[in-house]
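**Student:**
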Amino acid sequence: MISTLVDVPRTACHSLTMKIDKGSSGSAIEFRLDGGSGVPTYLQLVHQVEHALRLGMLVPGDQLPKVKDVVAALAINPNTVLKAYRELEHKGLAVGRPGQGTFIDATLDVVPVREQQSLRRSLMRWLTTASDAGLDEHAIKALFTSALYDLSRQRGEAAS
Amino acid sequence: MSSVIETRGLGKRYGRAWALRDCSLAIPAGRVVALVGPNGAGKTTLLHLAVGLTEPSAGDIVVLGDIRPGRDKALTRIGFVAQDTPLYPTLSVADTMRLVSCLSARFDEAHARARLAAIDIPLSRKVGHLSGGQRSQVALAVALARHPELLILDEPVARLDPLARHEFMAALMTAVAEDGISVLLSSHVVSELERVCDHLVVLAEGRTQVIGDVEDLLASHRVLTGPVGQAEAVLGGAVVVSENRTERQATLLVRDADRITPLPSWQVQETNLEEIVLSYLRFPQASALPGPALNRAVSA
Chain F
1 MISTLVDVPR TACHSLTMKI DKGSSGSAIE FRLDGGSGVP TYLQLVHQVE
51 HALRLGMLVP GDQLPKVKDV VAALAINPNT VLKAYRELEH KGLAVGRPGQ
101 GTFIDATLDV VPVREQQSLR RSLMRWLTTA SDAGLDEHAI KALFTSALYD
151 LSRQRGEAAS
Chain Z
1 MSSVIETRGL GKRYGRAWAL RDCSLAIPAG RVVALVGPNG AGKTTLLHLA
51 VGLTEPSAGD IVVLGDIRPG RDKALTRIGF VAQDTPLYPT LSVADTMRLV
101 SCLSARFDEA HARARLAAID IPLSRKVGHL SGGQRSQVAL AVALARHPEL
151 LILDEPVARL DPLARHEFMA ALMTAVAEDG ISVLLSSHVV SELERVCDHL
201 VVLAEGRTQV IGDVEDLLAS HRVLTGPVGQ AEAVLGGAVV VSENRTERQA
251 TLLVRDADRI TPLPSWQVQE TNLEEIVLSY LRFPQASALP GPALNRAVSA
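Chains F and Z, in that order, give the protein sequences.
First residue of the first sequence: 1, per this note's numbering; consecutive thereafter.
First residue of the second sequence: 1, per this note's numbering; consecutive thereafter.
1) Please report whether the beta-carbon of valine 67(F) lies at a distance below 8 Å from any beta-carbon of chain Z.
2) So what does DSSP say about leucine 123(Z), is it helix, strand or coil?
3) Below 6 Å CB to CB, which residues in the same chain sit around leucine 46(Z) once its five sequence neighbours on both sides are set aside?
4) Reducing DSSP to helix, strand and coil, say where glycine 9(Z) ends up.
5) Are the CB atoms of leucine 348(Z) and valine 183(Z) nearer to each other than 8 Å?
6) Near phenylalanine 283(Z), what residues of its chain come up, given a Cβ to Cβ distance below 7 Å and the 5 sequence neighbours on each side ignored?
7) Using a Cβ-Cβ cut-off of 8 Å, state whether alanine 94(F) counts as contacting chain C.
8) Could you check how far apart the C-beta atoms of serine 24(Z) and arginine 13(Z) are, in whole angstroms? I think they sit under 8 Å.
9) What span of residues does the alpha helix (DSSP H) with glutamine 137(Z) cover, start to end?
10) Classify arginine 68(Z) as helix, strand or coil using the three-state DSSP reduction.
11) Please confirm whether glycine 38(F) has its beta-carbon closer than 8 Å to some beta-carbon of chain Z.
12) If you measure from the beta carbon of proline 178(F) to each beta carbon in chain Z, is any gap under 8 Å?
13) Along the stretch 256 to 274 of chain Z, what residues have a CB closer than 9 Å to any CB found in chain F?
14) Given a cut-off of 8 Å on the beta-carbon distance, is the pair isoleucine 78(Z) and valine 100(Z) in contact?
15) For proline 98(F), is the classification buried or exposed, using 16 other Cβ atoms within 10 angstroms of its Cβ as the cut-off for buried?
16) So, is the C-beta of valine 51(Z) closer than 8 Å to a C-beta in chain F?
17) For alanine 147(F) and chain Z, any beta-carbon pair shorter than 8 Å?
18) Start and end of the beta strand (DSSP E) containing cysteine 197(Z)?
19) Cα separation between arginine 259(Z) and aspartate 198(Z)?
20) Taking arginine 115(Z) as the reference, give the member of Gly70(Z), Ile152(Z), Ala170(Z) with the closest Cα.
21) For the alpha helix (DSSP H) containing glutamine 48(F), list its first residue and its last residue.
22) Between the Cα of arginine 54(F) and those of Ile104(F), Leu151(F), Ser152(F), spot the shortest distance and give me the residue it belongs to.
23) Report all residues from its chain with a CB closer than 6 Å to the CB of aspartate 154(Z); omit the five preceding and five following residues, and keep chain order.
24) I'd like to know if leucine 252(Z) contacts chain F, where contact means its C-beta is closer than 8 Å to some C-beta of that chain.
25) Any chance the stretch 133 to 143 of chain Z sits against the stretch 35 to 44 of chain F, with 3 or more Cβ pairs inside 8 Å?
26) Using only the alpha-carbon positions, how far apart do glutamine 116(F) and leucine 253(Z) sit?
27) Rank Asn244(Z), Gly237(Z), Thr261(Z) by C-alpha distance to the C-alpha of arginine 255(Z) and give the top, closest one.
28) What number of angstroms, rounded off, separates the C-alpha of lysine 83(F) from the C-alpha of glutamate 137(F)?
29) Quick one: does histidine 166(Z) have its CB under 8 Å from some CB of chain F?
30) Measure from the C-beta of threonine 41(F) to each C-beta in chain Z and report whether the shortest distance is under 8 Å.
31) If distances are taken between C-alpha atoms only, which option among Ala52(F), Glu50(F), Gly38(F), Ile76(F) comes closest to arginine 165(Z)?
32) Mind checking whether alanine 58(Z) and glycine 11(Z) have CB atoms under 8 Å apart?
33) Would you say valine 81(F) and valine 71(F) are within 8 Å of each other, going by their C-beta atoms?
34) In angstroms with no decimal places, state the Cα-to-Cα distance between valine 127(Z) and alanine 73(F).
35) Report back the beta-carbon spacing between alanine 29(Z) and serine 3(Z) to the nearest angstrom; my notes put them in contact at under 8 Å.
This is the structure in structure tokens:
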């Protein structure tokens, strides 16, 4: 679901990493793209910033890579980067300062470890039930994905 | 939103054969637009009509608001990089720039030199001795140094290896970020355009088949897979672009996917630009043309 910074590139052709010298550009993270993931490019950038926030690699005050630098490194449309940064601003995670760039403005609420462990235990119980019922790995994944899709549809309808 | 190119009923005939016919489109400003289609679809003809290298046999075309292609007002504001980036192979890079500065009043030689120095292209080398990637970078630098509002490129990366392609697109996108130029580029390779282009025009057999924002196209198309007997039920108001059916299973690529009726036994998957384009090209009777763009087209 959420692309991470630590994924091993699938193929050299499809994955391009952007290297930014922290000292010179002031940016704390580097973006990479997964061409085969099917996730829109701007969302991949958004997810990578959120992931870095969760891991504490980005903290309030940090500057995100300059649009021009991202464009030059990844060979993507500047509007895509602008859209990602607007989305981060919309989520209240970043703020744009005219003439300077986009800066991290908030931390991301991390689900407490205890709650995550509890969720994991209940998921394990469900997985065991599904496996006992005869579902193999692919069937479980298909069911999970389909249920997740329904959930996001329901949430979407409730929101609109 | 203003348009950099608008056509209405545009056609071009060579002898008895129509290379382009009944082409009506409006290409928005400030975008990177991909013109896609198989060989012989009429891409180069449309681009040549837009820069004034050839005259229409039918219909109208105007550029940058209301200018006829080829007029001085258009020539100075539009950059064009032709197919295979034709440059004089026996001239050095420096001599090429001297030549262009004599031919073009708007040529900013310092701009071109700075651009080429940044990517380590030796100015003293003959153009014919450069790699394909370097040659295309020289052509791009020369075109950008005229500070065009609209840059038109015909198959700029078709013959480049993946690294040179990436470097070329990075240079082009940097120019878009820095100068806000509009770009129209043709290609028959779709896979890499998704990241670069935000607007798409598909030409097939001389006609426009798809016109739209890449984002809208990705959002409105889905691939549905499920039991063949329920295919009509799942579709709802969605439009089938392409389909594969076996006795039991149907795989449908549909447009207006928000109008489907979700059924538990059907899988709904997102798709990519390449799959969408290929589906349209395989089924020429399918098309996705916006009404408003046609109505907006020129009346002059």
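Here a beta-carbon is modelled for each residue, glycine too, at the ideal position from N, C-alpha and C.
**Tutor:** So, from the listed chains and residues:
1) Yes, because at least one Cβ of chain Z sits closer than 8 Å to the Cβ of valine 67(F).
2) In the structure shown, the three-state DSSP call for leucine 123(Z) is coil.
3) Closer than 6 Å at Cβ, skipping near neighbours: Leu20.
4) In this structure, glycine 9(Z) counts as strand in the three-state DSSP scheme.
5) The displayed coordinates of chain Z run from 1 to 300. Any statement about residue 348(Z) would go beyond what the structure contains.
6) Here phenylalanine 283(Z) has Val241, Ser242 as same chain residues with Cβ atoms under 7 Å from its own Cβ, once five neighbours each way along the sequence are excluded.
7) The question asks about chain C, but that chain is absent: this structure's protein chains are F and Z.
8) So it is not a contact: roughly 17 Å between Cβ atoms.
9) Segment 132 to 144, the alpha helix (DSSP H) holding glutamine 137(Z).
10) Note: arginine 68(Z) maps to coil in three-state DSSP.
11) It does: the Cβ of glycine 38(F) has a partner Cβ on chain Z nearer than 8 Å.
12) The displayed coordinates of chain F run from 1 to 160. Any statement about residue 178(F) would go beyond what the structure contains.
13) Here the close residues are Pro262, Pro264, Gln267, Val268, Gln269, Glu270, Thr271, Asn272.
14) No, these two residues do not count as a Cβ contact at 8 Å.
15) Proline 98(F) comes out exposed.
16) It does not: the Cβ of valine 51(Z) has no partner Cβ on chain F nearer than 8 Å.
17) Interface annotation, alanine 147(F): not in contact with chain Z, CB-CB separation never under 8 Å.
18) Premise fails: cysteine 197(Z) is in no beta strand (DSSP E) and is neither H nor E.
19) So the alpha carbons of these two residues sit roughly 24 Å apart.
20) Of the listed residues, the one whose Cα sits closest to arginine 115(Z) is Ala170(Z).
21) Looking at the DSSP string, the run of the alpha helix (DSSP H) that includes glutamine 48(F) is 41 to 54.
22) The residue with the shortest Cα to Cα distance from arginine 54(F) is Ile104(F).
23) Correct list, in chain order: Thr44, Leu47, Ala82, Gln83, Ser186.
24) By this cut-off, leucine 252(Z) is not an interface position.
25) Between the stretch 133 to 143 of chain Z and the stretch 35 to 44 of chain F there are fewer than three inter-stretch CB-CB distances shorter than 8 Å, so the stretches are not counted as touching.
26) Distance between the alpha carbons of glutamine 116(F) and leucine 253(Z) is about 38 Å.
27) Taking arginine 255(Z) as reference, the option from Asn244(Z), Gly237(Z), Thr261(Z) with the minimal CA-CA separation is Gly237(Z).
28) One C-alpha to the other measures close to 36 Å.
29) Chain F contact via Cβ: present.
30) Judged by the 8 Å Cβ criterion, threonine 41(F) is in contact with chain Z.
31) Comparing Cα-Cα distances from arginine 165(Z) to each of Ala52(F), Glu50(F), Gly38(F), Ile76(F), the minimum goes to Ile76(F).
32) Pairing alanine 58(Z) with glycine 11(Z) gives a Cβ-Cβ distance under 8 Å.
33) Yes, Cβ-Cβ distance for valine 81(F) and valine 71(F) is below 8 Å.
34) Approximately 26 Å, taken between the alpha carbons.
35) Confirmed, about 6 Å.
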